[in-house]
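S.K.: Sharing a structure with you now.
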Amino acid sequence: MKVLVVGSGGREHALCWKIAQSPLLTKLWCAPGNAGIGAVAECLQGLKAEDVPAVVAWAKANAVDLVVVGPEAPLVAGLADRLREAGISTFGPSAEAAELEGSKGFMKDVLARHGVPTAWYGRFTDLDEAKRFVREKGAPIVVKTDGLAAGKGVILCQTVSEAEAALDQMMGDKVFGAAGDEVVIEEFLDGEEASFFALVSGTDVLPLAAAQDHKAVGDGDTGPNTGGMGAYSPAPVVTPELQDRVMRECIVPTVEGMAKDGRPYTGILFAGLMIAKDGTVKVLEYNVRFGDPECQVLMMRLDCDLLPVLKAAADGRLSEVSLSWKDEAALVVIMAAEGYPGPYRKGTEIRGLDAAGAVPGVTVFHAGTALQDGTVVATGGRVLGVTALGTDVREAQARAYQAVDALDWPEGFCRRDIGWRAVGR
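In full-length UniProt numbering, the protein residues as written are 1 to 425.
If you want it as structure tokens, here you go:
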């Protein structure tokens, strides 16, 4: 098979790394890719993920057998629809199904309509009405942009005045652009978060392993939210019994509900879950693609060929395939550029990558890098995903930080406590 992966982040590097191991593969491209992806795939630097007509034209011209769409923005923009119309097998949901991530309000309405447990909520396009709702409900409370905001459009507010300030930022100052034209205000849920993934093809569903990520920028879960500073799998909080409940109460009703609504889903469905102390589970959000950085740990643990599984899901044959997983744990530490998640430094040189990758069980995935005159430089906020396998989370954690310490990149930083919940257990 000739395969095109769309995207340029750590998730796409992990997918390319895994797909490249398939005996079924004859050619692998990534558009636009990054400095690390270039080691396992041919990068099409001039082909941007969001340029839907250009990606479709390129895939047709090169007789691509399967397109795997990594990020959410091209899916929301209808890339999967256009590719399928051109007769190209595609892993990823239609624009109508991708609205599960493209609009948080739409997603909450789907959950409410199909009886999936979630926090109470309200949808608002008027700032004064939104503030009235906050004052009526009280704090703590959560304020979210309705549209895509690169994982940053969620603010947990401890007081009513914090929530009003968040609304002023989103709806008044438009700090997240058009994503804040509408907001969703919802109940603050207490408990432990987990990431749950399932492959979906129409109404067929195949669960993947669970993971946990670390959203806050600082140790001890302090500071502003980010796109994710690290993750590990398996997640001890997601027991086999809990997985069965999540499938029964959350994933299956959502998938069947989407099909009933005339928006059948194909691709990976990523549920952000809140697990309360009493074991009840509620869906915080759905994403319509692999998580980043969760994808890195899932690909490290996957113990089978990924390519035929993605192709089967894309072609409506998901019931014909199965997955197997390594017993080991995997953990990823994200190295970010100084200043992230605010304005960050670009163009700084990263040295020591070979030394980091030489640590037993470690693979360094690139998220925001480029090659300049043979040198790897940082181009993004989240730059590297230092990923390790170990017999348990503690060993994977030790190996990942050993590799982090082998890097020579003074302008980068990371959290030093990734995996603390699992190690504590």
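Even for Gly, the Cβ is constructed at its ideal location relative to N, Cα and C.
Can you give the beta carbon distance from VAL184 to GLY105, rounded, assuming they're within the 8 Å contact cut?
M.R.: That belief holds up - the Cβ atoms of VAL184 and GLY105 are roughly 5 Å apart, short of 8 Å.
S.K.: Leaving aside the five residues before and after ARG82 along the sequence, list all residues of the same chain whose C-beta is less than 7 Å from its C-beta, in chain order.
M.R.: Hits under 7 Å: VAL52, VAL56.
S.K.: For PRO74, which residues in the same chain have their Cβ closer than 7 Å to its Cβ, ignoring the five residues on either side in sequence?
M.R.: Cβ within range, chain order: VAL6, ALA49, GLU50, VAL52.
S.K.: In the DSSP assignment, the alpha helix (DSSP H) including ILE19 goes from what residue to what residue?
M.R.: That run of the alpha helix (DSSP H) goes 10–19.
S.K.: Which residue from GLU164, LYS2, ALA163, LEU269 puts its Cα closest to that of THR203?
M.R.: The shortest Cα separation from THR203 among GLU164, LYS2, ALA163, LEU269 belongs to LEU269.
S.K.: Okay, do the segment 89–98 and the segment 235–248 touch, 3+ Cβ pairs below 8 Å being the bar?
M.R.: Flag = no, the segment 89–98 and the segment 235–248 do not touch.
S.K.: Kindly identify the DSSP beta-bridge partner or partners of THR222.
M.R.: DSSP lists GLY218 as partners of THR222.
S.K.: Three-state secondary structure (DSSP) at ASP146?
M.R.: Residue state, collapsed to three classes: coil.
S.K.: Just tell me which of SER319, TRP409, ARG84 has its CA closest to the CA of PRO207.
M.R.: When only C-alpha atoms are compared, the closest one is SER319.
S.K.: Taking 8 Å as the limit between beta carbons, can you name the residues of its chain near GLY230, skipping five residues before and five after?
M.R.: Taken in chain order, the residues that qualify are ASP213, HIS214, PRO293, LEU331, VAL332, VAL333, ILE334, CYS414, ARG415, ILE418, GLY419.
S.K.: Tell me which same chain residues have a C-beta within less than 6 Å of the C-beta of GLY190, skipping the five on either side of it?
M.R.: Correcting the residue identity first, residue 190 is Asp in this sequence and not Gly. Excluding residues within five positions, none has a Cβ falling inside 6 Å.
S.K.: Can you tell me whether DSSP reads THR254 as helix, strand or coil?
M.R.: Helix.
S.K.: For PRO341, count the other beta carbons within 10 Å of its own beta carbon; 16 or more makes it buried, fewer makes it exposed. Which is it?
M.R.: So PRO341 counts as buried.
S.K.: Let me make sure I understand the geometry here. Which of CYS16, LEU384, GLY262, GLN372 has the alpha-carbon closest to that of THR228?
M.R.: Before going further, note that residue 228 is Gly rather than Thr in the sequence given. If we check each option's Cα against that of GLY228, LEU384 comes out closest.
S.K.: Thinking GLU328 and THR391 are a contact (beta carbons under 8 Å), I'd like their distance in whole angstroms, please.
M.R.: About 6 Å; that satisfies the 8 Å criterion.
S.K.: List, from N- to C-terminal side, the alpha helix (DSSP H) runs of 4 residues or more that fit wholly inside the segment 54–99.
M.R.: Fully enclosed alpha helix (DSSP H) runs of 4 or longer: 72–76, 79–85.
S.K.: Whole angstroms is fine: what's the gap from ALA314's alpha carbon to ASP168's?
M.R.: When rounded, the distance between both Cα atoms is 42 Å.
S.K.: Taking the alpha carbon of GLY102 as the point to measure from, which residue in ALA61, LEU156, ASP181, VAL3 has its own alpha carbon closest?
M.R.: It is ASP181.
S.K.: Would you report the Cα separation of VAL393 and PRO253, rounded to the nearest angstrom?
M.R.: Distance between the alpha carbons of VAL393 and PRO253: 32 Å.
S.K.: Take every Cβ of the segment 399–407, pair it with every Cβ of the segment 371–382, and state whether three or more of those distances are shorter than 8 Å.
M.R.: The segment 399–407 is not in contact with the segment 371–382.
S.K.: Alpha carbons only, please: which of PHE176, ASP221, PHE133, VAL175 is nearest the one belonging to GLU186?
M.R.: Among PHE176, ASP221, PHE133, VAL175, the Cα nearest to that of GLU186 belongs to PHE133.
S.K.: Which value, in whole angstroms, describes the spacing of the CA atoms of VAL200 and GLY368?
M.R.: Cα to Cα, the separation comes out at about 29 Å.
S.K.: Does DSSP put SER195 in a helix, in a strand, or in coil?
M.R.: Strand, per DSSP.
S.K.: Restricting to Cα atoms, I'd like to know which of GLY115, ALA35, GLU164, ASP65 is closest to ASP126.
M.R.: The candidate whose alpha carbon is nearest that of ASP126 is GLU164.
S.K.: Under three-state DSSP, which class holds PRO410?
M.R.: Coil at PRO410, not helix or strand.
S.K.: Spatial neighbours of ALA80 within its chain, please: C-beta separation below 7 Å, excluding the five flanking residues on both sides.
M.R.: Correct list, in chain order: VAL69, THR90, GLY92, PRO93, SER94.
S.K.: Can you say whether ASP65 is buried or exposed, counting buried as having 16 or more other CB atoms within 10 angstroms of its CB?
M.R.: Under this definition ASP65 is a buried residue.
S.K.: Using C-beta distances below 7 Å, list every residue in its chain close to GLY339, excluding the 5 sequence neighbours before and after it, in chain order.
M.R.: ARG345, listed in sequence order.
S.K.: Count the other CB atoms within 10 Å of the CB of SER322; is the residue buried (16 or more) or exposed (fewer)?
M.R.: Classification of SER322: exposed, given that the 10 Å Cβ count is below 16.
S.K.: Report all residues from its chain with a CB closer than 8 Å to the CB of GLY172; omit the five preceding and five following residues, and keep chain order.
M.R.: Excluding sequence neighbours, GLY172 sits near LEU127.
S.K.: Which term fits ARG113, buried or exposed, when burial requires 16 or more other beta carbons within 10 angstroms of its beta carbon?
M.R.: Per the 10 Å Cβ criterion, exposed.
S.K.: Relative to the C-alpha of VAL376, which residue among MET299, GLY412, LEU353, THR222 is closest?
M.R.: Cα-wise, what sits closest to VAL376 is LEU353.
S.K.: Excluding the five sequence neighbours on either side, which residues of its own chain have a C-beta within less than 7 Å of the C-beta of ALA149, listed in chain order?
M.R.: PHE176, ALA179, listed in sequence order.
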